[in-house]
Amino acid sequence: MECRVAGSLRSWPVERPTKRAPAQRVTTLDKTDVKKDVPQSVTAGRRRLNVPPELVWLTFLAAVTRLSAITHPRAIVFDEVWFREYALRYLDGSYYFDIHPPLGKLLLAGWAKLFGVSATVQSHDPAVALRVLPALAGTALVAVFYLLLRELTASRRVATFGAALVLLDNAILVESRLILVDSMLLLFGISAVTCYLASRRRTGRAHWILLTASAVLAGMAASTKWSGLTALGLIGLVWFAQTLRQRVGWRLAIPQAAVLVLVPALVYVSVFAIHFQLLPHSGPGDAFMSQRFQSTLVGNASYNPAARVSFLDRFIDLNKAMNSAQISLDNSHHPYSSSWLSWPFLKRPVYYWTGPKEYIYLQGNPVVWWGLLVGAVVVALGWMRRPALFDRHRGAMALLGVAWVANFLPFAGIVRPMFLYHYFFAFLFSIAAVSIGIGALAGWMTDGEEVWQFPSRRSAVLYWGILAVALAGFVFFAPISYGLPLSDGGLSARIWLDSWR
24 MECRVAGSLR SWPVERPTKR APAQRVTTLD KTDVKKDVPQ SVTAGRRRLN
74 VPPELVWLTF LAAVTRLSAI THPRAIVFDE VWFREYALRY LDGSYYFDIH
124 PPLGKLLLAG WAKLFGVSAT VQSHDPAVAL RVLPALAGTA LVAVFYLLLR
174 ELTASRRVAT FGAALVLLDN AILVESRLIL VDSMLLLFGI SAVTCYLASR
224 RRTGRAHWIL LTASAVLAGM AASTKWSGLT ALGLIGLVWF AQTLRQRVGW
274 RLAIPQAAVL VLVPALVYVS VFAIHFQLLP HSGPGDAFMS QRFQSTLVGN
324 ASYNPAARVS FLDRFIDLNK AMNSAQISLD NSHHPYSSSW LSWPFLKRPV
374 YYWTGPKEYI YLQGNPVVWW GLLVGAVVVA LGWMRRPALF DRHRGAMALL
424 GVAWVANFLP FAGIVRPMFL YHYFFAFLFS IAAVSIGIGA LAGWMTDGEE
474 VWQFPSRRSA VLYWGILAVA LAGFVFFAPI SYGLPLSDGG LSARIWLDSW
524 R
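Residue numbering for the sequence shown follows the working numbering, starting at 24 and increasing by one per position.
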């Protein structure tokens with residue numbers, strides 16, 4: 024997705040109901056015809072879930088890589104100091120302030136309560152049990168990404184290829200193993216888009232269940248970080264394009280629009296209602312709020328039990344304070360901040376933690392990141408030379424192109440320090456676009472009776488060769504992802520660019 028992808032959302036492939044043939048009397052029905060026409064997932068009148076084996080393996084490997092040695096290091100790493108602190112404040116009720124919406128911290132607090140983590144845990148204790156929830160979200164992200172690609176016209180081979188690249192990226196790995204909310208943010212956003220795309224191919228109850236799930240997940244993404252709003256915007260764009268293309272009647276379009284607007288809004292507002300309910304006492308976040316808001320906090324110097332401050336007033340007050348704090352953040356240079364234009368090139372990793380000859384960097388797998396740049400060029404050139412290969416995928420590629428732009432270009436207007444993890448949404452959509460594009464060019468996009476039978480030996484070598492090199496890159500950089508012991512020479516061998524120091 025580092026290149027501008029051609030195509031139009033109006034060319035998105037949509038399955039239309041076929042016209043019924045005139046009724047005919049059926050006298051006999053051969054059993055072999057039943058086996059041929061009825062999906063294998065339906066037997067004896069019951070629908071059975073048919074999970075592809077590659078999806079099981081991807082999920083298993085994601086769990087292994089995310090959860091292995093999750094307790095190391097037994098020290099607070101980078102922004103764990105903030106998210107751990109915010110989550111624990113829900114356990115003692117003391118008010119805190121953060122520039123991001125509260126859902127991610129609320130989920131961490133619920134996890135802490137479930138596993139008996141105390142609000143009085145010592146300040147140097149990382150409360151490593153809290154790392155498991157982001158790791159599970161990172162595990163689910165790999166599986167959902169496979170499903171997203173399947174909804175985007177990808178074959179099982181291509182969906183496996185793209186999900187494997189997510190699995191083998193070291194930056195996504197690191198962010199999923201710490202007390203941070205980005206893996207949850209990515210999971211909610213990607214799941215929302217996946218559910219919406221799935222809803223378009225279904226009718227009746229299944230359509231509305233998936234549409235509502237999509238709206239709920241989009242609301243959860245926005246309730247974790249405002250950057251999650253791009254998922255809802257993308258869904259709205261696809262809905263609008265489909266409504267125009269299919270000339271959907273208003274009797275269907277208006278209820279759909281209502282679900283996509285009202286449900287996310289309800290989720291967002293409800294998250295803040297829970298937030299206020301669990302933080303009734305004065306705390307370290309008081310000073311960020313108005314005097315009127317502070318009058319509702321027990322123990323604050325301005326506390327007034329008779330004060331009539333509505334939920335709506337507090338909701339607006341907090342969101343205004345969050346926005347003001349975002350705008351007024353220190354725009355001075357951070358040693359590991361990076362320009363938004365540099366992110367696709369993996370120019371500047373983030374130094375997260377150091378121990379005795381141990382290091383953790385938010386460092387992407389160069390094979391994946393730089394491979395995407397090469398892949399984007401190859402796809403662009405291939406599309407120009409052989410456009411017919413992309414006929415089935417124009418809508419998907421256009422959607423992914425818009426998704427990449429929407430999750431990348433807005434950062435051009437932000438002046439405060441930004442970091443590599445701000446690129447993650449765009450990074451995932453770029454993996455999806457390049458996977459589909461390369462799949463179309465290499466002949467990976469057809470699922471025959473033998474899913475893993477490639478059209479040629481060269482095609483198979485390309486597929487497995489790319490994944491093998493990506494695996495080698497993942498393993499090579501794993502020591503600075505997991506904080507494993509490294510000699511000075513070993514660390515230097517992994518610093519390929521001067522800007523990585």
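The C-beta atom is built at its ideal place from N, Cα and C for all residues, glycine as well.
Computed from a prediction, not measured in an experiment: that's the story for all the values here.
Is it buried or exposed, residue i, if we count other Cβ atoms within 10 angstroms and call 16 or more buried?
i: ILE213; result: buried
i: ARG224; result: exposed
i: ARG480; result: exposed
i: TRP427; result: buried
i: PHE83; result: exposed
i: LEU188; result: buried
i: HIS356; result: exposed
i: ASP115; result: exposed
i: GLN476; result: exposed
i: THR11; result: The question about residue 11 has no answer, for the chain in this structure spans 24 to 524.
i: VAL400; result: exposed
i: ASN388; result: buried
i: PRO328; result: exposed
i: SER351; result: exposed
i: GLN386; result: buried
i: GLU103; result: buried
i: ASN73; result: exposed
i: LEU195; result: The question names Leu, yet the displayed sequence has Ile at residue 195. By the neighbour-count rule (16 or more Cβ atoms within 10 Å), ILE195 is buried.
i: ASP192; result: buried
Report the three-state DSSP secondary structure of residue i (helix, strand or coil).
i: LEU129; result: helix
i: VAL100; result: coil
i: THR570; result: This structure cannot speak to residue 570, because the chain is shown only from 24 to 524.
i: LEU335; result: helix
i: LEU509; result: coil
i: SER117; result: strand
i: HIS356; result: coil
i: HIS123; result: coil
i: ILE292; result: For clarity, residue 292 is Val in the given sequence; the question names Ile instead. Helix at VAL292.
i: VAL151; result: helix
i: ASP60; result: Because ASP60 carries a pLDDT of 38, less than 50, the predicted location of this residue cannot be relied on, and the following value inherits that uncertainty. In this structure, ASP60 counts as helix in the three-state DSSP scheme.
i: VAL321; result: strand
i: LYS54; result: In this predicted model, LYS54 has a pLDDT of only 39, less than 50, meaning its place in the structure is not dependable; the value taken from the coordinates is given anyway. Helix at LYS54.
i: ARG48; result: Residue confidence for ARG48 is low, a pLDDT of 37 falling below 50, so the modelled location carries little weight; the figure read from the coordinates is stated next. Coil, per DSSP.
May I ask which residues mark the beginning and end of the alpha helix (DSSP H) holding residue i?
i: THR253; result: 252-269
i: ILE195; result: 193-199
i: GLY488; result: 480-500
i: TRP376; result: Looking at the DSSP string, TRP376 is not in any alpha helix (DSSP H); the run it does join, the beta strand (DSSP E), is 373-378.
i: MET407; result: 389-408
i: SER206; result: 205-222
i: THR143; result: No alpha helix (DSSP H) contains THR143, which DSSP labels as neither H nor E.
i: THR162; result: 155-174
i: ALA411; result: Element bounds for ALA411: n/a, residue is neither H nor E.
i: GLY424; result: 417-429
i: PHE477; result: Here PHE477 belongs to no alpha helix (DSSP H), and DSSP marks it neither H nor E.
i: VAL181; result: 179-190
How far does the beta strand (DSSP E) with residue i in it extend, from its first residue to its last?
i: ILE383; result: 381-385
So, residue i versus residue j, is the Cβ gap smaller than 8 Å?
i: PHE448; j: LEU156; result: no
i: VAL239; j: VAL286; result: yes
i: VAL151; j: THR94; result: yes
i: ILE258; j: TYR291; result: no
i: MET420; j: PHE413; result: yes
i: LEU126; j: THR266; result: no
i: ALA135; j: LEU159; result: no
i: TYR118; j: LEU320; result: yes
i: GLU11; j: TYR359; result: Coverage of the chain is limited to positions 24 through 524, which leaves residue 11 absent and any answer about it impossible.
i: SER522; j: LYS380; result: no
i: SER453; j: TRP467; result: no
i: VAL332; j: SER318; result: yes
i: TYR113; j: LEU283; result: no
i: TRP363; j: ALA435; result: yes
i: ALA186; j: LEU289; result: no
I want to check one thing, is the minimum distance from the CB of residue i to the heavy atoms of the ligand NAP below 7 Å?
i: VAL100; result: With respect to small molecules bound, the structure shown includes none, and the ligand NAP cannot be examined in it.
message = Which complete alpha helix (DSSP H) runs does the region 435-471 hold, if anything under 4 residues is left out?
response = If only complete runs of 4 or more residues are kept, the region 435-471 shows the alpha helix (DSSP H) at 447-465, in order along the chain.
In chain order, each beta strand (DSSP E) run of at least 3 residues that lies wholly inside the region 224-255 = Runs found: none.
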